[in-house]
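The structure under discussion appears below in the form of structure tokens.
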Amino acid sequence: KVIVNIHDEL
Amino acid sequence: MNIFRLAGDMTHLFSVLVLLLKIHTIKSCAGISLKTQELYAIVFATRYLDIFTNYISLYNTIMKLIFLGSSFSIVWYMRRHKIVRRSYDKDQDTFRHYFLMLPCLILALIINEKFTFREVMWTFSLYLEAVAILPQLVLLQRTRNIDNLTGQYVFLLGAYRAFYILNWIYRYFTEEHFVHWITWISGLVQTLLYADFFYYYFQSWKNNVKLELPA
Numbered sequence: 001k002v003i004v005n006i007h008d009e010l
Numbered sequence: 011m012n013i014f015r016l017a018g019d020m021t022h023l024f025s026v027l028v029l030l031l032k033i034h035t036i037k038s039c040a041g042i043s044l045k046t047q048e049l050y051a052i053v054f055a056t057r058y059l060d061i062f063t064n065y066i067s068l069y070n071t072i073m074k075l076i077f078l079g080s081s082f083s084i085v086w087y088m089r090r091h092k093i094v095r096r097s098y099d100k101d102q103d104t105f106r107h108y109f110l111m112l113p114c115l116i117l118a119l120i121i122n123e124k125f126t127f128r129e130v131m132w133t134f135s136l137y138l139e140a141v142a143i144l145p146q147l148v149l150l151q152r153t154r155n156i157d158n159l160t161g162q163y164v165f166l167l168g169a170y171r172a173f174y175i176l177n178w179i180y181r182y183f184t185e186e187h188f189v190h191w192i193t194w195i196s197g198l199v200q201t202l203l204y205a206d207f208f209y210y211y212f213q214s215w216k217n218n219v220k221l222e223l224p225a
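Residue numbers (the working numbering), protein chains in the order written: chain A, 1 to 10; chain B, 11 to 225.
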């Protein structure tokens with residue numbers, strides 16, 4: 001399960 | 011990337027471009043709160059600490075550089091530029107914005123997703139951004155003469171986070187494990203702070219009258 005992180009957002 | 015986030019980023023980009031345009035062309039920052047601009051510079055500085063260590067995409071890096079560059083140059087213009095600084099209304103822009111930073115830092119130390127320096131700084135920037143507009147809103151209430159560009163700037167700045175809320179809803183339904191309560195609540199609080207401004211902005215647009223905030 002890829003834990004999607006929020007750090008790909010500005 | 012989804013359409014809501016792109017719309018949010020573009021709206022955010024336009025808000026800083028409108029402000030830079032205003033300051034650069036008419037060499038005036040009347041009605042703009044330096045405190046809010048300083049808070050935004052700190053927000054970007056603490057949020058983009060990993061700009062060179064954590065490459066996500068060219069778009070992401072370019073946008074980070076634009077936001078960092080524009081926020082610091084706006085602060086520079088308002089503090090140092092010999093013409094612009096004369097139009098800064100420091101007697102009215104008196105919000106104790108440094109008092110906003112301490113609670114945000116303490117809250118970030120308590121409520122965060124991971125207790126690491128970078129994550130705490132990132133969370134701090136999130137909380138700080140939620141309240142960064144307060145000095146500007148207070149200044150608008152005081153000066154009451156809101157020129158179009160300032161009104162558009164605040165409107166776009168508020169609208170961008172509303173688009174981000176749609177982006178988080180979209181990502182929640184399309185990506186597994188996309189649950190970020192801290193970001194969601196902070197983003198919601200931020201957008202709600204603009205609620206009354208949006209109301210008066212819409213009223214002035216609908217009745218085609220100059221934007222007036224009640225005292």
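Ideal placement from N, C-alpha and C gives every residue a C-beta, glycine not left out.
Neighbour-count burial assignment, residue i, 16 or more Cβ in a 10 Å radius
i         : result
Trp191(B) : exposed
Val219(B) : exposed
Trp178(B) : buried
Glu222(B) : exposed
Lys1(A)   : A caution first: Lys1(A) carries a pLDDT of 40, below 50, which makes its placement in the model too unreliable to give a value.
Ile33(B)  : buried
Met11(B)  : exposed
Phe173(B) : buried
Leu149(B) : buried
Arg57(B)  : buried
Glu48(B)  : buried
His107(B) : buried
Ala225(B) : exposed
Phe125(B) : exposed
Arg89(B)  : exposed
Tyr137(B) : buried
Ile156(B) : buried
Option in the options with minimal Cα separation from residue i
i         : options                                       : result
Val53(B)  : Ser25(B), Phe127(B) and Ala142(B)             : Ala142(B)
Pro113(B) : Thr193(B), Ile76(B), Thr133(B) and Leu150(B)  : Thr133(B)
Leu115(B) : Ile42(B), Pro224(B), Ser135(B) and Ser214(B)  : Ser135(B)
His22(B)  : Tyr65(B), Leu166(B), Met131(B) and Leu159(B)  : Leu166(B)
Asp8(A)   : Thr104(B), Thr63(B), Ala140(B) and Phe24(B)   : Thr63(B)
Met10(B)  : Glu139(B), Leu44(B), His91(B) and Ser81(B)    : Given a span of 11 to 225 for chain B in the structure shown, any question on residue 10(B) remains unanswerable.
Tyr211(B) : Phe82(B), Tyr50(B), Arg90(B) and Gly161(B)    : Gly161(B)
Arg96(B)  : Ala40(B), Tyr209(B) and Ala17(B)              : Ala40(B)
Glu123(B) : Ser67(B), Phe82(B) and Phe188(B)              : Phe188(B)
Leu59(B)  : Tyr137(B), Phe24(B), Thr35(B) and Arg128(B)   : Arg128(B)
Asn5(A)   : Lys216(B), Asp206(B), Leu198(B) and Thr193(B) : Thr193(B)
Ile76(B)  : Ala17(B), Phe24(B) and Thr35(B)               : Phe24(B)
Start-to-end residues for the alpha helix (DSSP H) that takes in residue i
i         : result
Met11(B)  : Met11(B) -> no alpha helix (DSSP H), and no H or E assigned at all.
Pro145(B) : Leu144 to Thr153
Ser80(B)  : Leu68 to Arg90
Pro249(B) : There is no way to answer for residue 249(B), as the model of chain B reaches only from 11 to 225.
Asn177(B) : Asn158 to Thr184
Glu48(B)  : Leu44 to Arg57
Ala140(B) : Phe127 to Val141
Gln213(B) : Ala205 to Lys216
Residue i versus residue j: straight-line alpha-carbon distance, rounded
i         : j         : result
Tyr87(B)  : Ile175(B) : 32 angstroms
Leu10(A)  : Gln200(B) : 15 angstroms
Arg15(B)  : Ile84(B)  : 24 angstroms
Tyr182(B) : Ile195(B) : 14 angstroms
Tyr204(B) : Gln146(B) : 11 angstroms
Tyr101(B) : Thr153(B) : A quick correction: the sequence has Asp, not Tyr, at residue 101(B). Approximately 11 angstroms between the Cα atoms of the pair.
Asp19(B)  : Ala169(B) : 10 angstroms
Phe109(B) : Leu44(B)  : 15 angstroms
Leu31(B)  : Thr71(B)  : 23 angstroms
Val28(B)  : Gly79(B)  : 15 angstroms
Lys37(B)  : Ala55(B)  : 26 angstroms
Lys74(B)  : Gln213(B) : 34 angstroms
Tyr65(B)  : Ala51(B)  : 21 angstroms
Ser81(B)  : Val26(B)  : 8 angstroms
Thr104(B) : Ile42(B)  : 12 angstroms
Glu185(B) : Lys92(B)  : 50 angstroms
Ala118(B) : Ile61(B)  : 20 angstroms
Residue i Cβ short of 7 angstroms to the ligand FMN heavy atom set
i         : result
Trp194(B) : Questions concerning the ligand FMN fall outside what the structure shown contains, since it holds no ligand whatsoever.
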